Amino acid sequence: MPEIINISDAEDPRVAPYRDVRERDLVGREGLFIAEGEVVLRGLLDSSGHRPLSLLIAEKRIGGLADLLERVPADVPVYAAGQAVMDAIAGFPMHRGILGLGARAPGVAAADLLAGLPARALVMVLVGIANHDNVGGLFRNAAAFGVDAVLLDTTSCDPLYRKAIRVSVGAALQVPFARLGAGEDALDVLEAAGFTSFALTPSGTLALAQVRRPARTAVLFGAEGPGLPAEIMARCAGVRIQMSAGFDSLNVATSSGIVLHHLAEAIA
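For what it's worth, my numbering labels the leading residue of the sequence shown as 647, then goes sequentially.
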């Protein structure tokens, strides 16, 4: 187990990156992120690209985390604080008592990410998804159903926002993703990489049960309410989830679970 460094003062400069967590989340962390909770921290340690910089753990949790702490790289400091001090550092009650500071993996262009995928691949594309809970749920489903990569447009929120990581149960640290550049056309990028694209929409002419999965498949999800832009809908097959008469609304994360489960099994 690494050396545990005790922190007794909430103003200790060594834990400055953890101070006022919620407010720092809102203004951005300039290439860094916060991982919260044991499962998420394990995801950070398992990540092939993102890397831990330090840990801050409530003293009462240290004894039960021996196996996790054994996996922490030797150059990563592990700080421990009493619950009151930890709460004062974070700026709100830290019931989980486990935080990690991580450094993002270097960014990659969407086309480069797609080019590195296998011949048979499944990609999820998020357009205008601005709710962190939804992004976290979408990434959780992506991991569960074998999505190889996620693309996000410029208006979708950050998968490495603390709440999004937490809701994803660490999947946002495991599933490769790239953000499309300003003015970059998602469908053009996908087509150039040999992907067949499907757009999820209640008005789709193709029922999900009819879809068979091409070798390289992309499925696009839009924000609840407005859905996908008309220009996207006009250029790829619209797919609908069949529901009871008079009802056509599902949370986008729920919809993704249904669609991705089907695509995981529906081989062309």
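Built from N, CA and C at the ideal position, the CB exists for glycine as well.
Keep in mind it's a predicted model, so treat the numbers as computed, not measured.
Expected contact under 8 Å - CB spacing of residue i and residue j to nearest Å
i    : j    : result
L833 : R881 : 5 Å
G746 : P698 : 5 Å
A776 : S802 : 7 Å
P822 : A845 : That belief does not hold up - the Cβ atoms of P822 and A845 are roughly 22 Å apart, past 8 Å.
L714 : E682 : Incorrect: roughly 14 Å between the Cβ atoms, too far for contact.
A720 : P648 : 7 Å
L772 : A824 : Incorrect: roughly 11 Å between the Cβ atoms, too far for contact.
T900 : M879 : Contact doesn't hold; Cβ gap of about 21 Å is too wide.
N780 : V686 : Between V686 and N780 the Cβ distance is about 18 Å, and since that is not below 8 Å, they are no contact.
S890 : M770 : Actually they are not in contact, since the Cβ atoms of S890 and M770 sit about 26 Å apart, beyond 8 Å.
Sequence-distant residues of the same chain with beta carbon closer than 6 Å to residue i, five excluded per side
i    : result
A704 : Q729, M732, G743
R717 : L691
A828 : T800
G695 : A751
R665 : I735
A817 : F785, R786, A789
F679 : G748, L806
F893 : none
S895 : none
G774 : T801, G868, A869
Residues bridged to residue i (per DSSP)
i    : result
N652 : A726
V821 : For V821, which the question treats as bridged, DSSP gives no partner whatsoever.
A864 : V769, S843
V885 : L846, L852
G873 : A869
Close Cβ partners of residue i (< 7 Å) along its chain, the five nearest in sequence each way excluded
i    : result
S628 : The structure shown does not extend to residue 628, since the chain is modelled only from 647 through 914, so no value can be given for it.
I708 : I650, A726
T851 : G884
F738 : R668
N652 : A726
P723 : I651, S700
Residues near residue i in its chain [Cβ-Cβ closer than 8 Å; skip 5 each side]
i    : result
A757 : V835, A838, A839
G677 : A749, R750
Q820 : G689, D692, S693, A789
L826 : A756, L797, L798, D799, T800, A832, V835
L854 : V885, R886, I887, Q888, I904, V905, H908
A712 : M647
Any C-beta of chain D under 9 Å from that of residue i
i    : result
F738 : Checking the listed chains, one finds no chain D in this structure; it contains a single protein chain.
Validate contact between the segment 726-745 and the segment 762-774 using beta carbons, cut 8 Å, 3 pairs
No contact exists between the segment 726-745 and the segment 762-774.
Does the segment 809-818 come close enough to the segment 863-871 to have 3 or more Cβ pairs within less than 8 Å?
In the pairwise beta carbon analysis, the segment 809-818 is classified as not touching the segment 863-871: fewer than three pairs are separated by under 8 Å.
With a threshold of 8 Å, are at least 3 pairs of Cβ atoms found where one atom belongs to the segment 657-665 and the other to the segment 784-799?
The answer is no - the segment 784-799 does not touch the segment 657-665, with fewer than three Cβ pairs under 8 Å.
Count the CB pairs spanning the segment 770-789 and the segment 903-910 that are closer than 8 Å, and state whether there are at least three.
Flag = yes, the segment 770-789 and the segment 903-910 touch.
Starting from the N-terminal side, write out each stretch of the alpha helix (DSSP H) that is 4 residues or longer and does not extend beyond the segment 731-763.
Within the segment 731-763, the complete alpha helix (DSSP H) runs of at least 4 residues are 756-761.
In chain order, which beta strand (DSSP E) runs of at least 3 residues are fully inside the segment 764-827?
Listed in chain order, the complete beta strand (DSSP E) runs (minimum 3 residues) inside the segment 764-827 are 767-773, 795-798, 823-825.
For the segment 887-911, which segments carrying the alpha helix (DSSP H) assignment without a break, of at least 4 residues, lie completely within its bounds, in sequence order?
Counting only unbroken stretches of 4 or more residues, the alpha helix (DSSP H) elements lying wholly within the segment 887-911 are 898-911, in sequence order.
Give, in chain order, every unbroken run of the beta strand (DSSP E) that is at least 3 residues long and sits entirely within the segment 659-708.
Fully enclosed beta strand (DSSP E) runs of 3 or longer: 678-682, 697-704.
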